Amino acid sequence: MLDLSQLRSFVAVEQMGSFTLAADRLGLGQSTVSQHIQRLEAALGRKLLARDTHKVLLTGDGEALLSHARAMLSIEGQVQALFKSNSLRGSLRLGVSEDFVTSQLPAVLEDFVRSHPSVDLELTVALSGVLYEMQDNGEIDLVLAKRRLGDARGKLVYREPLVWLARDPDRVLASGPLPLIAFPPPSVTRVIALEALGRNRVPWRIVCTCGSLSGLTAAARAGMGVLVQPRSMAPSGLKEIASGKLPVLEDVEFVLVPRKGADQALVSALSDDILQKVRGLRTA
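According to this note's numbering, the sequence shown is numbered sequentially starting from 119.
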């Protein structure tokens with residue numbers, strides 16, 4: 119009989135890649151999470167996790183266990199929801215900006231989906247500007263996206279500096295007009311970058327436009343040009359261009375924006391969960 123607390127710790131460590139971050143997320147001590155993993159490995163007679171210098175990784179046996187662990191925890195959530203008189207029900211349409219999805223969304227949403235199995239969550243991934251337009255048209259109930267400084271819409275989740283990134287900064291900076299890799303309009307980061315270059319009279323040219331961060335990252339890793347991203351979301355394989363070599367970029371803010379008329383109980387529950395998880399990840 120597998121212990122669900124141990125499985126919950128195992129899934130959290132896999133998500134966070136760290137015993138410390140998993141413990142913070144679960145509200146447990148790191149030693150408790152370590153004990154859970156040790157007891158789970160002892161019960162199964164298999165090594166589930168391996169550590170390298172950067173993070174904790176799953177072994178082959180850990181990979182085999184993961185989907186079953188998630189299924190068991192999902193069933194637990196369904197049973198708990200079945201017998202809760204105040205369990206949430208209904209549907210909620212969530213819009214999330216492209217760059218946030220690839221970095222933090224899985225850790226933010228998995229617990230909510232598991233804890234509220236009677237909530238149908240519909241996810242839309244797009245540029246921040248597109249999400250706001252969709253919300254104005256009544257197509258999205260809650261938006262998690264970027265806003266510019268001074269914009270009053272939404273509830274602040276956190277503030278983040280934007281940085282210039284390139285595979286080989288010295289080569290790119292010496293190539294003539296600055297080659298830019300950017301989201302298409304109405305991208306917040308694109309507008310900020312172009313305004314900064316214009317104010318400082320830095321010549322530029324767009325060499326790659328793509329609505330997908332994976333496409334922009336591939337172009338940047340191929341050495342095509344410079345990419346602007348929030349610092350904590352900088353893709354691997356790219357280097358931050360040293361201060362002073364390009365204009366300073368203004369910060370951006372990630373915010374939660376509910377739609378008027380949306381189910382307030384669902385919006386509040388998901389908003390509170392996102393705020394807790396994201397701020398926990400950033401302070402850990």
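Quick reminder that beta carbons are idealized off the backbone N, C-alpha and C, glycines included.
Treat the numbers as computed from the prediction; the structure is a model and nothing was measured.
*Distance between G195 and V375 (C-alpha atoms, nearest Å)*: The straight-line gap from Cα to Cα measures roughly 27 Å.
*asked:* Please report the distance separating the alpha-carbon of P365 from that of S185.
replied: Taking the Cα positions, P365 is about 46 Å away from S185.
*Would you identify the three-state DSSP class for S236, choosing helix, strand or coil?*
coil
*Label T335 either buried or exposed according to how many other C-beta atoms from any shown protein chain fall within 10 Å of its C-beta, with 16 as the threshold for buried.*
buried
*Would you call Y187 buried or exposed, if buried means 16 or more other Cβ atoms sit within 10 Å of its Cβ?*
Looking at the sequence provided, one finds Ala at residue 187 rather than Tyr. The residue in question, A187, is buried, as its Cβ has 16 or more Cβ neighbours within 10 Å.
_Please identify the residue among L291, M190, L144 and L312 whose C-alpha is closest to the C-alpha of A300._
L312
*Whole angstroms is fine: what's the gap from I324's alpha carbon to L175's?*
Each residue's Cα considered, the two are about 38 Å apart.
*Applying the criterion that 16 or more other CB atoms from any shown protein chain within 10 Å of the CB defines a buried residue, is K395 buried or exposed?*
buried
*Do G213 and Q253 have their C-beta atoms within less than 8 Å of each other?*
yes
*Beta carbon of R232, beta carbon of S192: below 8 Å?*
yes
*6 Å Cβ shell around K357 - same chain, five flanking residues per side excluded*: P287
*Does the separation of the CB atoms of P348 and E278 fall below 8 Å?*
yes
*Any idea what DSSP makes of I299, helix, strand or coil?*
strand
*Measure how close the beta-carbons of P297 and G343 come, nearest whole angstrom, since I'm counting them as under 8 Å.*
Right, the Cβ-Cβ distance comes to about 3 Å (below 8 Å), so this counts as a contact.
*Going along the chain, which unbroken runs of the beta strand (DSSP E) with 3 or more residues stay wholly within the region 352 to 397?*
370 to 376
*Going by alpha carbons, who is nearest to L291 out of P303, G341 and V248?*
G341
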